[in-house]
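Q:
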Amino acid sequence: MIISHKYKLIFIHIQKCAGTSITYALNPYLPEDDIVLGCTPKGEKLSKIWGPTKGIYKHATALKAKEVLGEEIWDNYFKFSFIRNPWDLVVSTYHWWLKTSWDDDKNTGAKIRQMNSFEEYVKSPYLRSHTCSQALMDGTQNSLVDFIGKYESLEKDFAYVCGRVGLPNIELPAKNISEHKGYQEYYDQTTKEIVKKRFKWDIKNFTYSFE
1 MIISHKYKLI FIHIQKCAGT SITYALNPYL PEDDIVLGCT PKGEKLSKIW GPTKGIYKHA
61 TALKAKEVLG EEIWDNYFKF SFIRNPWDLV VSTYHWWLKT SWDDDKNTGA KIRQMNSFEE
121 YVKSPYLRSH TCSQALMDGT QNSLVDFIGK YESLEKDFAY VCGRVGLPNI ELPAKNISEH
181 KGYQEYYDQT TKEIVKKRFK WDIKNFTYSF E
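1 is the number of the first residue of the sequence shown in UniProt numbering; add one for each residue after it.
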């Protein structure tokens with residue numbers, strides 16, 4: 001998550017939607033008193049302070065960020081985020097769990113790494129539960145951000161963000177990328193339908209399809 005007072009922007013960082021690349025791209029342009037939570041060494045340290053004291057972390061939702069920052073900042077800053085095709089997002093999340101050494105207090109990572117296949121993961125209780133809409137919407141499914149870019153048009157949409165806040169057209173570095181085959185190759189009809197059901201609001205309202 002980024003809160004820049006200089007550029008009056010707020011970035012809501014959804015996991016596995018290019019947030020780390022975006023953070024590293026913007027970070028050199030941010031002054032010392034701007035807030036970066038997670039990703040960078042300074043951001044990781046700051047997240048450990050802001051999390052317990054203010055209740056927002058690297059992947060804080062827009063609703064939580066608005067609550068903490070207050071109406072005046074929220075209404076006057078440019079708020080943006082990036083989303084991703086849910087079927088692709090699930091594959092990327094699965095591979096992230098396989099390679100990371102980090103785990104949560106429920107040992108989710110250890111349990112996923114013990115699974116025999118992607119199919120087992122999708123059918124398990126550990127299938128990614130947080131949708132993009134949950135991160136960006138209020139309780140009545142109204143967007144709380146000003147711009148939602150797509151991973152599939154990342155460079156074009158990020159260039160729009162930069163222009164909108166008065167930044168140059170910044171090149172995005174490759175960060176936190178999960179190496180894997182095309183996401184379509186991971187699915188059979190059953191697993192495809194499970195993800196479709198779980199992410200049905202995102203698929204409909206952000207106009208995604210499996211292909």
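Built from N, CA and C at the ideal position, the CB exists for glycine as well.
With a Cβ-Cβ cutoff of 8 angstroms, do Asp157 and Gly163 count as a contact?
A: Counting from 1 along the sequence shown, the entry for residue 157 is found at position 157. Counting from 1 along the sequence shown, the entry for residue 163 is found at position 163. Result no, Cβ atoms of Asp157 and Gly163 do not sit closer than 8 angstroms.
Q: Considering only residues of the segment 70-140, which uninterrupted alpha helix (DSSP H) runs meet the minimum length of 4 residues and lie entirely inside it, listed in chain order?
A: Listed in chain order, the complete alpha helix (DSSP H) runs (minimum 4 residues) inside the segment 70-140 are 71-76, 86-99, 108-113, 118-123 and 132-136.
Q: According to DSSP, simplified to helix, strand and coil, what is Lys16?
A: For the purposes of this step, residue 16 is identified with residue 16 of the sequence shown, where counting begins at 1. Residue state, collapsed to three classes: coil.
Q: Is it the case that the CB of Val90 approaches a heavy atom of the ligand FMN more closely than 7 angstroms?
A: The ligand FMN is absent from the structure shown, which contains no ligands of any kind.
Q: Classify Ser143 as helix, strand or coil using the three-state DSSP reduction.
A: Taking the first residue of the sequence shown as 1, we reach residue 143 at position 143. Reduced to three states, the DSSP call for Ser143 is strand.
Q: For Tyr160 and Cys17, which I take to be in contact (beta-carbon distance under 8 angstroms), what is that distance rounded to the nearest angstrom?
A: Indexing the sequence shown from 1 puts residue 160 at position 160. Indexing the sequence shown from 1 puts residue 17 at position 17. Rounded, the Cβ-Cβ distance is 16 angstroms, inconsistent with contact.
Q: Exposed or buried, Ile2, counting other C-beta atoms within 10 Å across all chains shown (16 or more means buried)?
A: For this step, residue 2 is matched to residue 2 along the sequence shown. Buried, because 16 or more other Cβ atoms sit within 10 Å of the Cβ of Ile2.
Q: Can you pull the DSSP bridge partners for Ile170?
A: One-based indexing of the sequence shown puts residue 170 at position 170. Paired residue(s): none; Ile170 is not in a bridge.
Q: Please name the residue in Gly109, Met137, Tyr126 and Gln114 whose C-alpha comes closest to that of Lys64.
A: As a working mapping, residue 64 is identified with position 64 in the sequence shown. Checked all of Gly109, Met137, Tyr126 and Gln114; the closest Cα to Lys64 is Met137.
Q: Among the candidates Leu9, Tyr121 and Ser92, whose CA atom is the shortest distance from the CA of Trp74?
A: Residue mapping note: residue 74 aligns to position 74 of the sequence shown, counting from 1. Closest option to Trp74, Cα to Cα, is Leu9.
Q: Nearest-angstrom Cα distance between residue 215 and Pro125?
A: Past the boundaries of the shown model lies residue 215; the chain is included only from 1 to 211, so the question cannot be answered.
Q: Given a cut-off of 8 angstroms, decide if Ser21 and Leu167 are closer than it, judged by their beta-carbon atoms.
A: As a first step, residue 167 must be located in the sequence shown, where it is residue number 167. As a first step, residue 21 must be located in the sequence shown, where it is residue number 21. No, Cβ-Cβ distance for Leu167 and Ser21 is not below 8 angstroms.
Q: Measuring CB to CB, does Lys58 end up less than 8 angstroms from Ser47?
A: Within the sequence shown, residue 58 is the residue found at index 58, counting from 1. Within the sequence shown, residue 47 is the residue found at index 47, counting from 1. Yes, the pair counts as a contact, with Cβ atoms nearer than the cut-off.
Q: CA-CA distance, Asp104 and Gly51?
A: By one-based count along the sequence shown, residue 104 stands at place 104. By one-based count along the sequence shown, residue 51 stands at place 51. Taking the straight line joining both Cα atoms gives about 15 angstroms.
Q: Gly117: which of Gln141, Tyr186, Val145 and Ile49 sits nearest, CA to CA?
A: Locating residue 117 in the sequence shown gives position 117, counting from the first residue. One point to set straight first is that residue 117 is Ser, not Gly, in the sequence displayed. When only C-alpha atoms are compared, the closest one is Tyr186.
Q: Determine, using beta carbons only, whether Gly163 comes closer than 8 angstroms to chain C.
A: The structure shown has no chain C; it contains just one protein chain.
Q: What span of residues does the alpha helix (DSSP H) with Ile49 cover, start to end?
A: Sequence index remark: in the sequence shown, residue 49 carries index 49 (1-based). Ile49 -> alpha helix (DSSP H) spans Pro41 to Lys54.
Q: Ends of the beta strand (DSSP E) at Ser209?
A: Here the question's residue 209 lines up with position 209 in the sequence shown. Taken as a continuous stretch (DSSP letters only), Ser209 belongs to no beta strand (DSSP E), as it is neither H nor E.
Q: Can we say the segment 183-200 touches the segment 79-96, given the rule of at least three CB pairs closer than 8 angstroms?
A: Taking 8 angstroms as the limit for Cβ pairs, the verdict is that the segment 79-96 does touch the segment 183-200.
Q: Whole angstroms are fine: how far does the CA of Lys66 sit from the CA of residue 226?
A: For residue 226 there is no data in the structure shown, the boundaries of the chain being 1 and 211.
Q: Can you tell which of Phe82, Gly109, Leu154 and Thr131 has the C-alpha that lies nearest to the C-alpha of Val145?
A: Residue mapping note: residue 145 aligns to position 145 of the sequence shown, counting from 1. Of the candidates Phe82, Gly109, Leu154 and Thr131, the one whose C-alpha sits nearest the C-alpha of Val145 is Phe82.
Q: Please classify Ser4 as buried or exposed, where buried requires at least 16 other C-beta atoms within 10 Å of its C-beta.
A: Here residue 4 is taken as the residue at index 4 of the sequence shown, counted from 1. Flag for Ser4 reads buried.
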